Amino acid sequence: MYARVMERITDVAIAGVLWGFRIAVVLLVVVGSALTLGGGRHSAESWLSLIVSGAVLGSIYALIALGYTMVYGILRLINFAHGEIFMAGTFGGYFVATALSGIGFLNLNPITSIISVVLMMAGAIVVSVTLALLVERIAYRPLRNAPRLVPLISAIGASFFLQYTFRGFFGPGIYAYPTVGILDAQVPLGIEGFRVKWIDVLVIVSAVVMMAGLFLFVQRTKLGTSIRAVSEDKATAALMGIDVNRAIVMTFAIGAAMAGAAGVLYGLIFRQVYFFTGFVPGIKAFTAAVLGGIGNIPGAMLGGIFLGQVEGVGPTLFLSGLGVPSPNQLRDVIAFTMLVLVLIFRPSGILGERVAQRA
Amino acid sequence: MRNTLRWSAVLTGMLLVLAACQPASSGSPGQSTAESASAAASVDAAAVCAADEAGCVEIPSGEPLHIVFWGVLSGADSTLGEDSKRGVEIAIDDINNTLLGHDIQFSTEDGLCTPEGGNTAAQKLAADTTIAGLIGPSCTDESLGGMQTLYDAGMTTISSSATRAGLTVPDRPAEYAAFLRTAHSDYFQGRMVAEYLYNELGLKKLATVHDGSGYAKALAEVARTHFEELGGTITTGGDQAIAKTDTDMSAVLTAIAADPPDAIFFPVFIAGAGYLTDQAKDTPGLEDALLMSADGTFSPDYIKAAGPAALGHLISSPDTSKFAAGYQDFLAKHKAKYGGDPLSIFHAHAYDAATLVFAALEKVALTDADGTTFIPRTAYREALYASKDVEGLTGPLNCNASGDCGAPILAVYKVTAREVGPPVVWPPEAPIWAPEPDFYTK
Amino acid sequence: MPQLVAKGVTKRFGGLVAVRDLDLEIEPSSIVSVIGPNGAGKTTLFNCIAGWYKIDDGKIEFEGQAIDKLRRDQISRLGIARTYQNIRLFAGMSAIENVLVGQHHFLKTGWVGAVLRTPAVRVEEEKAHEEALRLLQFVGIRGHGRSQASELPYGDQRRLEIARALSTQPRLLLLDEPTAGMNPAETRKMTEFIRRLRDELGITILLIEHEMRVVMDISERITVLDYGEKIAEGTPREIQTNPRVIEAYLGRGAAQAGTTVSDATNEAAASEA
Amino acid sequence: MDDTRIRFGDVPWGAVIRVGLIGAAVAIFLCLVGIVPVFHTRPLIKDVISLGQTSVVLALLATGLVTARTADMRGTLSVLPGAVAGAIAGAGLTALVILGEVINVRAVFLNASPLLYGILTFGSGIAGSWIAIVIGAVLGAAGSVGARLPTSSRRPLTTFVLTLLMGGLFAGILRTAMLSTPLAGLGRLLFAPLGLTIVGAIVAVIAFVGASELFHYTRVRDRVNGMAPAQQRLVTWPLLAIAAFAVLMLPHALGPFVAQVIALVALYVLMGLGLNITLGLAGLLDLGFVAFFAVGAYTVALLTGTSEFGIADWPFWAAIPFAVLFAMVFGAILGLPILGIRGDYLAIATLGFGEIIRILAGSDLLSPWLGGPHGILNVPKPIAVQPTHFLAGPNQIYYIAIACAVLIAFVAWRLRGSRIGRAWLSIREDEDVAEALGVNLVQTKILAYVLGAGFAGLGGGIFASLVGSIFSSSIQLFVSINVVAIVVVGGMGSIPGAVLGALFLIGVPELFREFSEYRFLFYGAALILMMLYRPEGLMPTRFAAREVHLESQELGADTVVAAPTEST
């Protein structure tokens, strides 16, 4: 009887803490925002700017997150090395860009600039996809049926290996993307105090286009269908005559291509790349994928955008009104708190697939 | 059963190894018994070594003389350590790889720029009785972690890039005697920035951004404090921080722009500074703010990272134009050896640290009849502290009692179209401003 | 008074209604079977009773207590245990440990006690082990206690799963196709065994079964589901001749031809194999 | 042996060329990533071979070996495939040299320097580029001969290669340790400051090959297994006693650096054992273990520190229980909201918590109390002693960490055998079924999580005392990842496994500090290889090992035919 009572009390305590956490976070968000907005230190234009930069960051997260989510969907594997695949793409784009800049093609005129960006993307995608397929072949494929944690550790190993391979190849220094003149120009919007560059537009538009393309590809094409089938149930898909291996390899390739493209966009907007570049965006994109519901393609897009906004607007909105010193230092604290909050309310992410209940 | 057995086997193996290495007596390190072979000839050296409270490093004839650089060689900050390491390597090349009749054996230890990394590295260094000279570490945190261990072992290190003010204050703790540096103290750099902005340019409102690293936080604090002492104000929201790995600076810049300052000082590292410079130009309200960063960004990489936005940017840094004439040669050697420009600003300081080490070793080393060289540790430390007017790349080197060896010749640089390129040209020809010499004595 | 009462139970998955407005009453110490074609909602019904699914409508009571809002562990403690269609043992644990897990909530050892291994804990552990061995003996796999669960032969795994279920001291046992994958001899033994469970331990048995010989042999009452709805209920004899049931299994033509259910399903099984 | 001659056409040339090309890729990788040029200055055997050269030699040997395994030919010409593959691999290097002559490879790959080309051509410039092909062919042939030798003669050869590698790598540490003993002369004879001397190489190889042949492991095991249980005990107990004594004497015998390293290893053993409960037993993937480590470290630093941030000036022994307690309380508070979350969602949520704590520790928000990046200094050692004392420096931490690790191992072992341990395992195996058997999931998980947190807090507290300070920069995601890797590499749920895992993943990289950035390259490669060839871990629990091998057998089965699982 005593044990029953204790258990009941613990149950109640657990529920209490849960609700306490939810209420505390919501309260913090509401009060912080109210104080910040009430303080009126920031103009509407600066909020707009924050939203745009959040959207840009979020688009890049979303593109990387697609790779995480697709691989997770098909193999139930957290592909820790995906951030490094992204970094490799950024490097690939860099070398194409410097080559083009060296012969004066990059900024010759707007058309060559656009061709250059396309070439950079192509270079980045080639590098990323090659690397991703190598990693899949060497570090993941032999472990496909091993217990869950084994490929995870292998993925962590691959992540370190790639990082320090690139450090060995290119040294610890920072490589800077050459500037593409037309992309650095302002979009003439005519709003005082609110500026958007063409590159911001390019990032958001190309991210949306790529994601839409991917979504259609997965939903409409035969190959996409086979990827979905393998995600659902490998054994059954194999019985239906689907080449499981091919579907998995394609998944890695598509995810890597998205990451490579994201790498070039990242390079164009943030202009720097070194061997450590992939680590943080990798973790963030993974977070975005989980936020949206891992294994779910629209979820990854949504999660990326959401995370970008939380990071872009969150610190200023929630914390600056509360008088927290250096609120932007805490942007990741906000991002991860939001993640936990979302998971408490929706344990499988915003658009998460319902947790499969086997019976 | 099987596991137990395997375990026992492994551990027994360890025991065998350990039995072979068991010390005969718990004498202090360095007081080796191996000199018996040459007892007669080394009366002089033996007496000196016995008298030296930390004992001697001894290098038998034909053995190399061991020089070590320790600092951050892996992880995101590894440019800093790599840069200094190259400085030491070139210094060793310049003395043809020999010192005191021995070849030089150069090795490195990774300190990871963390206190525990410094601590472990120091333990390894302290255990190695062959080490004659020690250069490093890269970071203040490593210094703090390793100081006590090195001091206990009677070793002395000289750093080229740990700049925290507290490391060389006159009333520093006893164990800091193991630490000298050729790098300047942040105390001077932070104050100089404030003086330049307030007195020279007449600016009244300042904002600072640090990146959560010890270096940046301390430097920003010195600058802010001194700026206010001079009569300036720090803007509302003018004490900001970013994370080292941040790339999108718009939020922090928008926060600063809410009360626009005349100048923003961000003594952060290359990546972050590049992002801040680049993105500040696009933040409404900050168009006219002067941007300034510190020695951590005195590198062509910074210009590349910031892009065209770097034009007009201010950098406080050691004054390379006052570096000795040999500096140009150094740059040429660097290019030939490593295929590129230096990675950071402290290679010359590392070169100088090596020079000081070589000079001090030459001063105190004793060689007996069969060519064994003895280096009394305490005497070596004293010799380092007594270094006077040693010719270095950064200028004449004079060590004082609290461990500062380099003359702090700081200056303010302005990035011009020449450096921005393309191609990026480095370093800038001359600083635009330098404090009066009496600044360092005030 | 019936031991288990389900009234108007409905469970939907998205647009699909897996169980619709189902009523069910089970008397204590009876053996009741649920049959129906594949996808009829039998396992879903089990999952609703055992708390794996939250039902969308209706209510389920066990011995007078509403259980449809409870968690699985709470339902287990009230005295309902189950087995699974595909065996779900703890593969990495030994057979005896599998059974011991079922006793979890009867034991009181806290973590401090476990670390110190107090005399009370030792006595409790000993008793638990005895009980576990007794159960292994009862299901007929004593002597395999230390083998890894996943290495037992198939039939023994089924038995171990039942022993594990029994260790929670249930008064109602839900068996999901206990004879699946067994040969006729094994099946006969299992049928015997299920009857013993009821006769010797007085446990109520609710059974999902495809093997009609088994169903007709041991069931006292049979409930037939089709498309999530109950289409018939009664004694084996009533069910065997019920035209709706025959129709559900074989279509209208067979019902008119006058075949019985057990013939039909056995034929179907034969043609599948 | 029916036909001793192989015909040219019998050789599977496609496979041979493929292996050769992979060998070439590996060799070129070793060059471009910098291992060959950077480690050329680091001798393996002084004046004979450098580490950089060794890496290429090993790659070429391996090419031959793999070729021989792939193209399994017998007879007089059987070395031919290996030689060809080796030559192809060598030709890769030749191509690299020629390419470097034609275009500026260095504009992309920093290590494609004149130094590298010098090494590859033995200083003879492009004219000497063909040397690599010849060497490749010779080594490839040698490798394929090695592959074909009977086990009895291959084993000493393997020992030979391993001895040279180990001896050369650890020469510096061994020499340093010997120099301060009467064995200094011997140390100088056997070891150069870096690498072995020629004498040392010969002695080491003879000694080790001899010893390993005399006391071969399986032979000893067979003999011991052949004994009666009483006799076995007679052998085992003294061995265990000797082993225990060795563990106690280790820091004194090998000097303060090794003491520091093993103290750090012991610390990770302790944390590994803690996570072994959370992850190994209960199956909860916690990627934010560092959060509790931080709580423990800061608690001890605040309570004992004598710097400006110290608040109580307590002795270590009074503070450490609080470190554990606070870590557990934190574990409960953080765990409650997220333990309802499943599987990988839990992993990312815990990772998030780790990051939150890391950022907060270094933030301006908390720096008035925690020192931010400037840390809390002057954390005293548990026992204040003179530098020459038996317990000075890392030694006492080593003993404390060992004692705590033993304690935790005991706790873990007792819990594993109890009702609670069974509940954890059942959750790890199948949490739905466990719940249906009456196990309260949240409470059982919380207990595992909180206990794991407590042990991490203990580790953190000891860490603060070991380093004598705590800085926000010590709170890194890498700590969490390392601990997870220790548990998995050691073998999930296995107590000796956690010890071996920590030795392997913390000890070895620390000993190889001098290789600075390349350590992490090797660390990553080691993790991958480890998972490929020993997925069950270094020292798995008995059941888990079988399980993994069982599953991989199944893998083999269904890749071949994709057989339907239920064919009844």
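Residue numbers (my numbering), protein chains in the order written: chain V, 1 to 359; chain G, 1001 to 1442; chain W, 2001 to 2273; chain U, 3001 to 3568.
C-beta atoms are modelled at their ideal positions from N, C-alpha and C, and glycine is treated no differently.
Note that this is a predicted model, so its numbers are computed, not measured.
Under 8 angstroms between the Cβ atoms of U/Val3448 and U/Ala3332? Indexing the fourth sequence from 1 puts residue 3448 of chain U at position 448. Indexing the fourth sequence from 1 puts residue 3332 of chain U at position 332. In the sequence under discussion, the amino acid at residue 3448 of chain U is Ala, which differs from the Val named in the question. No. Outside cutoff.
Would you kindly report the start and end of the unbroken alpha helix (DSSP H) that includes U/Gln3260? Working through the fourth sequence from its first residue, we reach residue 3260 of chain U at position 260. DSSP places U/Gln3260 inside the alpha helix (DSSP H), whose first and last residues are 3229-3275.
Backbone secondary structure at U/Ala3211 - three-state DSSP: Indexing the fourth sequence from 1 puts residue 3211 of chain U at position 211. For U/Ala3211, the three-state secondary structure derived from DSSP is helix.
If we ignore side chains and look at the alpha-carbon of each, how far apart do U/Tyr3533 and V/Val26 end up? Working through the fourth sequence from its first residue, we reach residue 3533 of chain U at position 533. Working through the first sequence from its first residue, we reach residue 26 of chain V at position 26. Going by the C-alpha atoms only, they are around 48 angstroms apart.
Count the other C-beta atoms from every protein chain shown that fall within 10 angstroms of the C-beta of W/Gln2157, then say buried if there are 16 or more, exposed otherwise. The sequence position of residue 2157 of chain W within the third sequence is 157, counting from 1. So W/Gln2157 ends up on the buried side.
Residues near U/Gly3200 in its chain [Cβ-Cβ closer than 6 angstroms; skip 5 each side]: For the purposes of this step, residue 3200 of chain U is taken as the residue at position 200 of the fourth sequence. If we look at U/Gly3200 and ignore the five residues flanking it on each side, its Cβ neighbours are Leu3190, Phe3191.
Residue environment, G/Asp1301, which counts as buried when at least 16 other CB atoms sit within 10 Å: As a working note, residue 1301 of chain G is residue 301 in the second sequence. Classification for G/Asp1301: buried.
Beta carbons nearer than 9 angstroms to chain W: which residues of the stretch 3260-3290 of chain U have them? Of all residues in the stretch 3260-3290 of chain U, none places a beta-carbon less than 9 angstroms from a beta-carbon of chain W.
Give me the Cβ distance between V/Gly312 and V/Ile51, rounded to the nearest whole Å; I'm assuming they're in contact under 8 angstroms. Stepping through the first sequence from its first residue, residue 312 of chain V is reached at position 312. Stepping through the first sequence from its first residue, residue 51 of chain V is reached at position 51. The distance from the Cβ of V/Gly312 to that of V/Ile51 is about 7 angstroms, consistent with a contact at the 8 angstroms cut-off.
Going along the chain, which residues of the stretch 1258-1280 of chain G sit with their C-beta nearer than 7 angstroms to a C-beta in chain V? From the stretch 1258-1280 of chain G, only Ala1258, Ile1270, Ala1271, Gly1274, Tyr1275, Asp1278 have a Cβ closer than 7 angstroms to chain V.
Below 8 angstroms between beta carbons: does that hold for W/Gly2145 and W/Ile2096? Looking up residue 2145 of chain W in the third sequence gives position 145. Looking up residue 2096 of chain W in the third sequence gives position 96. At a Cβ-Cβ threshold of 8 angstroms, W/Gly2145 and W/Ile2096 count as neighbours.
Chain-order list of residues whose beta-carbon lies under 7 angstroms from that of U/Glu3431 (same chain, five-residue window excluded): In the fourth sequence, the residue the question calls residue 3431 of chain U occupies position 431. Only Leu3441 meet the Cβ criterion.
What are the partner residues of U/Phe3191, as DSSP defines its beta bridges? Numbered from 1 along the fourth sequence, position 191 holds the residue referred to as residue 3191 of chain U. Bridge partners of U/Phe3191: U/Leu3196.
Grab me the residues of W/Glu2233's own chain with a C-beta within less than 6 angstroms of its C-beta, minus the 5 sequence neighbours each way, in chain order. Walking along the third sequence from the start, residue 2233 of chain W turns up at place 233. The answer, listed in chain order, is Thr2223.
Using a Cβ cut-off of 8 angstroms (strictly closer), state whether U/Leu3365 contacts chain V. Residue mapping note: residue 3365 of chain U aligns to position 365 of the fourth sequence, counting from 1. The Cβ of U/Leu3365 sits closer than 8 angstroms to at least one Cβ of chain V.
Where the beta strand (DSSP E) through G/Ile949 begins and ends: Since the displayed chain G opens at 1001 and closes at 1442, residue 949 of chain G lies outside it and no answer follows.
Check this for me: beta carbons of G/Asn1398 and G/Asp1389, under 8 angstroms apart or not? By 1-based counting over the second sequence, the position of residue 1398 of chain G is 398. By 1-based counting over the second sequence, the position of residue 1389 of chain G is 389. Between G/Asn1398 and G/Asp1389, the CB-CB gap stays under 8 angstroms.
So which of G/Gln1189, G/Asn1119, G/Thr1277 has the shortest CA-CA distance to G/Tyr1452? There is no way to answer for residue 1452 of chain G, as the model of chain G reaches only from 1001 to 1442.
Under 8 angstroms between C-beta atoms, does G/Leu1343 make it to chain V? Within the second sequence, numbered from 1, the residue matching residue 1343 of chain G stands at position 343. Closer than 8 angstroms: yes.
Bridge partner(s) assigned by DSSP for W/Asp2226: Against the third sequence, residue 2226 of chain W aligns to sequence position 226. Per the DSSP secondary-structure output, W/Asp2226 pairs in a beta bridge with W/Glu2229.
Beta-carbon within less than 7 angstroms of U/Ala3071's beta-carbon, same chain only, minus the 5 sequence neighbours each way: which residues are those? Along the fourth sequence, read from residue 1 onward, the residue named residue 3071 of chain U stands at position 71. If we look at U/Ala3071 and ignore the five residues flanking it on each side, its Cβ neighbours are Val3011, Pro3012, Ala3015, Val3016, Pro3081.
Below 8 angstroms between beta carbons: does that hold for G/Val1268 and G/His1226? Residue mapping note: residue 1268 of chain G aligns to position 268 of the second sequence, counting from 1. Residue mapping note: residue 1226 of chain G aligns to position 226 of the second sequence, counting from 1. The Cβ atoms of G/Val1268 and G/His1226 do not sit closer than 8 angstroms to each other.
Residues of its chain near W/Gly1953, where Cβ-Cβ distance is below 6 angstroms and the 5 sequence neighbours each way are ignored: The structure shown does not extend to residue 1953 of chain W, since chain W is modelled only from 2001 to 2273, so the question has no answer here.
Does any C-beta atom of chain W lie closer than 8 angstroms to the C-beta of U/Val3439? Locating residue 3439 of chain U in the fourth sequence gives position 439, counting from the first residue. Taking Cβ atoms only, chain W reaches closer than 8 angstroms to U/Val3439, which makes this a yes.
Can you tell me the Cα-Cα spacing of U/Val3379 and U/Phe3326, whole angstroms? As a first step, residue 3379 of chain U must be located in the fourth sequence, where it is residue number 379. As a first step, residue 3326 of chain U must be located in the fourth sequence, where it is residue number 326. Whole-angstrom Cα-Cα distance: 18 angstroms.
For V/Lys284, the residue or residues it bridges with in DSSP: In the first sequence, counting from the first residue as 1, residue 284 of chain V sits at position 284. In DSSP, V/Lys284 forms no bridge with anything.
Cβ-based neighbour list, G/Asp1094, same chain, cut-off 6 angstroms, excluding 5 preceding and 5 following: Indexing the second sequence from 1 puts residue 1094 of chain G at position 94. Excluding sequence neighbours, G/Asp1094 sits near nothing in its chain.
N- and C-terminal bounds of the alpha helix (DSSP H) containing W/Ile2075: What you label residue 2075 of chain W is simply residue 75 of the third sequence in a count that begins at 1. Segment 2072-2078, the alpha helix (DSSP H) holding W/Ile2075.
Leaving out five residues before and five after U/Phe2956 in sequence, what residues of the same chain have Cβ atoms less than 7 angstroms from its Cβ? Since the displayed chain U opens at 3001 and closes at 3568, residue 2956 of chain U lies outside it and no answer follows.
For U/Leu3391, which three-state DSSP category applies? Within the fourth sequence, the letter at position 391 stands for residue 3391 of chain U. Looking at U/Leu3391 - three-state DSSP - the assignment turns out to be coil, as it is neither helix nor strand.
In three-state DSSP terms, what is U/Leu3538? For the purposes of this step, residue 3538 of chain U is taken as the residue at position 538 of the fourth sequence. Looking at U/Leu3538 - three-state DSSP - the assignment turns out to be coil, as it is neither helix nor strand.
By Cβ distance, which residues of its chain are closer than 6 angstroms to G/His1066, with the 5 residues on each side in sequence left out? Position 66 of the second sequence holds residue 1066 of chain G. Contacts found: Gln1105, Thr1130, Ile1131, Ala1132.
Within 8 angstroms, do at least three Cβ pairs link the stretch 1180-1187 of chain G to the stretch 1152-1160 of chain G? Yes, the stretch 1152-1160 of chain G touches the stretch 1180-1187 of chain G.
In whole angstroms, what is the alpha-carbon distance linking U/Val3488 and G/Glu1391? For the purposes of this step, residue 3488 of chain U is taken as the residue at position 488 of the fourth sequence. For the purposes of this step, residue 1391 of chain G is taken as the residue at position 391 of the second sequence. If you draw a straight line from the Cα of U/Val3488 to the Cα of G/Glu1391, it comes to about 55 angstroms.
W/Asp2023: buried (16+ other C-beta within 10 angstroms of its C-beta) or exposed? On the third sequence, residue 2023 of chain W is found 23 positions in, with the first residue counted as 1. So W/Asp2023 counts as exposed.
So which residues on chain V does U/Ala3485 lean against when the C-beta distance must stay under 9 angstroms? What you label residue 3485 of chain U is simply residue 485 of the fourth sequence in a count that begins at 1. Under the 9 angstroms cutoff, chain V gives Ile153, Ile156, Gly157.
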